[in-house]
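Enquirer: Under numbering that gives the first Met the number 0, the final residue of the sequence shown carries the number 347; numbering is consecutive throughout. Take this structure, written in structure tokens, and hold onto it; I'll ask about it next.
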Amino acid sequence: MDKKVWILFVSLTIGLFASMFLSISMGSVKIGAGQFVAIIGDGLGIKLSDSAYSFSQKAVFWNIRLPRVLMSVVVGVALSLSGAALQGLFRNPLVDAGLIGISSGASFMASFYIVMATSIPVLQLLSPDLMIAFSAFLGALAAVFMTYRISVYNGKSNITILILAGVALNAFCGSLTGLITYLANEQQLRDLTFWTMGSLSGAKWSNFLIVFLIVSVAATIMFGLAKSLDGFALGESSAHYLGVNVQRLKALVIILSTLMVGATVAFTGVIGFVGLVVPHIVRSLIGPAHKNLLPVSALLGAIIVCMADLVSRTLNAPTEIPIGIITSLIGTPILVIMIFRQKRTLIA
0 MDKKVWILFV
10 SLTIGLFASM
20 FLSISMGSVK
30 IGAGQFVAII
40 GDGLGIKLSD
50 SAYSFSQKAV
60 FWNIRLPRVL
70 MSVVVGVALS
80 LSGAALQGLF
90 RNPLVDAGLI
100 GISSGASFMA
110 SFYIVMATSI
120 PVLQLLSPDL
130 MIAFSAFLGA
140 LAAVFMTYRI
150 SVYNGKSNIT
160 ILILAGVALN
170 AFCGSLTGLI
180 TYLANEQQLR
190 DLTFWTMGSL
200 SGAKWSNFLI
210 VFLIVSVAAT
220 IMFGLAKSLD
230 GFALGESSAH
240 YLGVNVQRLK
250 ALVIILSTLM
260 VGATVAFTGV
270 IGFVGLVVPH
280 IVRSLIGPAH
290 KNLLPVSALL
300 GAIIVCMADL
310 VSRTLNAPTE
320 IPIGIITSLI
330 GTPILVIMIF
340 RQKRTLIA
């Protein structure tokens, strides 16, 4: 990393810890800095602070706030990292994981379970939260598998066909989700609306650990693809001459992105714009080199989702605003600016 990138990386790392502290401290149960340190110290068996704290503060810290904040960080990393990699693969800054059907496939299957579970007795014997998550993850995998298979011809995938297949599948899944929504009752509509707009309110240690395991493994492999993505940015032919296994790279980026985003969407619902705008912001600051773009995007994405979650649960407390609304309000003006910048580039 050069000096500029290193300064940005360190600044964002500090910003991430600061945003995590704010998110844990703020809410209906306040946790001061001294109490924050004391609770962590006692949990580790070390006396770090003399500040007194109540049982409710300790319970909120360990059982509600900390798993939720950690989940927001992992979700931000997954969405922004997959967005940056997919934009490099498609060579288009206006691409995110939703383009290849991950979000729409997950939404359809989650909606299907929410509405249809009441009419299928055997499904009622299982944990609703776990089954919704499993259904969404399965839907994301199935949608991307179909999109990728459509794009393959003579053993090679075509990026243009992949985009068209993704658009078609998004429209198809969207229409099915709309039909299911039409058939839903009032309670199911509330569940559907909250899920499709995203929420971290269901974060627990159990589902955080599942998402963390999937995202950490996939992200580690994704970071190792940075050099290949830089070569691919020159074009498929040039990348091939540089020794990049183009078909393997395409498959890996799509599979890893699907695993990361599918896992997060399964437990948090659809959170839009993060994977779209974060890589573009980072690219405008430090350039397109993926060895810098991927880790910095992951950090910025984690900060944005963490702070968006804080706003979503405190802006209209005690009522919680779906986090997808907050990220959309932030992302929409940035997307418009991106479009106008690209327009000026094309005109020039």
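Glycine included, each C-beta is placed from N, C-alpha and C at the ideal position. Since the model is a prediction, treat every value here as computed from it, not as a measurement.
Look at the alpha carbon of L168 and the alpha carbon of T257, and state the distance between them as a whole number of angstroms.
Expert: L168 and T257: Cα-Cα distance of roughly 15 angstroms.
Enquirer: Suppose you measure from the CA of I23 to the CA of L11; what does that come to, to the nearest Å?
Expert: Spanning the two alpha carbons is a distance of roughly 18 angstroms.
Enquirer: Where does the unbroken alpha helix (DSSP H) through G165 begin, and where does it stop?
Expert: I158 to L182 is the extent of the alpha helix (DSSP H) around G165.
Enquirer: Using 10 angstroms around the beta-carbon of L92, count the other beta-carbons present and answer buried if the total reaches 16, otherwise exposed.
Expert: The sequence as given places Pro at residue 92; Leu does not occur at that position. So P92 counts as buried.
Enquirer: Is the distance from the Cβ of S126 to the Cβ of M259 below 8 angstroms?
Expert: Cβ distance not < 8 angstroms, so S126 and M259 don't count as in contact.
Enquirer: On the criterion of 16 or more Cβ atoms from any shown chain inside 10 Å, does L191 qualify as buried, or is it exposed?
Expert: The residue is buried, with at least 16 neighbouring Cβ atoms inside 10 Å.
Enquirer: Measuring straight from C-alpha to C-alpha, what distance separates A164 and G100?
Expert: Approximately 9 angstroms between the Cα atoms of the pair.
Enquirer: Checking 8 angstroms against the spacing of the C-beta atoms, do D109 and G274 come in under that value?
Expert: Per the sequence shown, residue 109 should be read as Ala rather than Asp. No, Cβ-Cβ distance for A109 and G274 is not below 8 angstroms.
Enquirer: Return helix, strand or coil for K2, following the three-state DSSP convention.
Expert: Helix at K2.
Enquirer: Measure the C-alpha to C-alpha separation of V245 and S150 and round it to an integer number of angstroms.
Expert: Near 14 angstroms, if we compare the C-alpha coordinates of S150 and V245.
Enquirer: On the three-state DSSP scale, how would you describe V151?
Expert: In this structure, V151 counts as strand in the three-state DSSP scheme.
Enquirer: Is it buried or exposed, Q34, if we count other Cβ atoms within 10 angstroms and call 16 or more buried?
Expert: That one is buried.
Enquirer: Starting from V260, trace the alpha helix (DSSP H) in both directions and tell me its first and last residue.
Expert: Looking at the DSSP string, the run of the alpha helix (DSSP H) that includes V260 is V245 to T267.
Enquirer: Drop a sphere of 10 angstroms on the beta-carbon of F353, count the other beta-carbons inside from all chains shown, and report buried for 16 or more, exposed for fewer.
Expert: Lying before the first or after the last residue shown, residue 353 is absent from the chain, which here runs from 0 to 347.
Enquirer: Assuming T192 is part of the alpha helix (DSSP H), what are its boundary residues?
Expert: Element bounds for T192: E185 to T195.
Enquirer: On the three-state DSSP scale, how would you describe M25?
Expert: In the structure shown, M25 sits in coil (DSSP, three-state: anything other than H, G, I, E or B).
Enquirer: What is the residue span of the alpha helix (DSSP H) that D41 lies within?
Expert: Note, D41: alpha helix (DSSP H), A32 to L43.
Enquirer: Compare the Cα-Cα distances from N184 to each of K203, S227, I113 and I160 and report the closest residue.
Expert: That would be I113, whose Cα lies nearest to the Cα of N184.
Enquirer: Check whether the Cβ atoms of A84 and V252 sit closer than 8 angstroms, and answer yes or no.
Expert: Yes, they are a contact pair.
Enquirer: Give me the residue from N291, R64, L182 and G14 with the minimum Cα distance to K2.
Expert: Among N291, R64, L182 and G14, the Cα nearest to that of K2 is on N291.
Enquirer: Out of M130, G44, V264 and I30, which one is the CA nearest neighbour of S53?
Expert: Ranking M130, G44, V264 and I30 by Cα distance to S53 puts I30 first.
Enquirer: Is the beta carbon of I302 less than 8 angstroms from the beta carbon of S18?
Expert: Result yes, Cβ atoms of I302 and S18 sit closer than 8 angstroms.
Enquirer: For a minimum of 4 consecutive residues, which ranges assigned as the alpha helix (DSSP H) are wholly contained in the segment 74-128?
Expert: DSSP runs (the alpha helix (DSSP H)) wholly in the segment 74-128: 101-115.
Enquirer: Beta-carbon within less than 8 angstroms of H239's beta-carbon, same chain only, minus the 5 sequence neighbours each way: which residues are those?
Expert: Taken in chain order, the residues that qualify are V245.
Enquirer: Can you tell me whether Q186 is buried or exposed? The criterion is at least 16 other CB atoms within 10 Å of its CB, across all chains shown.
Expert: Exposed.
Enquirer: For L182 and G197, what's the separation of their Cα atoms in angstroms?
Expert: Near 21 angstroms, if we compare the C-alpha coordinates of G197 and L182.
Enquirer: Determine, using beta-carbon pairs with one atom in the segment 226-240 and one in the segment 281-295, whether at least three such pairs fall under 8 angstroms.
Expert: Short answer: they touch.
Enquirer: Mind reading off the beta-carbon distance from W61 to G42? Whole number of angstroms is fine, and I expect it under 8 angstroms.
Expert: The Cβ separation is near 7 angstroms, so the contact holds.
Enquirer: Quick one: which unbroken alpha helix (DSSP H) runs of 4-plus residues sit fully inside the segment 264-334? Chain order, please.
Expert: DSSP runs (the alpha helix (DSSP H)) wholly in the segment 264-334: 273-285 and 289-313.
Enquirer: Where does Y240 sit, in a helix, a strand or coil, going by DSSP?
Expert: Of the three classes helix, strand and coil, the one that applies to Y240 here is helix, per DSSP.
Enquirer: Which residue from L98, A142, F89 and V143 puts its Cα closest to that of G234?
Expert: The shortest Cα separation from G234 among L98, A142, F89 and V143 belongs to F89.
Enquirer: Please state whether the Cβ-Cβ distance between D308 and G201 is less than 8 angstroms.
Expert: No, the pair does not count as a contact, with Cβ atoms beyond the cut-off.
Enquirer: Going by Cα to Cα distance, which pick from S215, T313 and W204 is closest to S27?
Expert: The shortest C-alpha separation from S27 is found at T313.
Enquirer: What whole-angstrom Cβ distance do G300 and V76 have, given they're in contact under 8 angstroms?
Expert: At roughly 6 angstroms, the Cβ-Cβ gap stays under 8 angstroms, so G300 and V76 are in contact.
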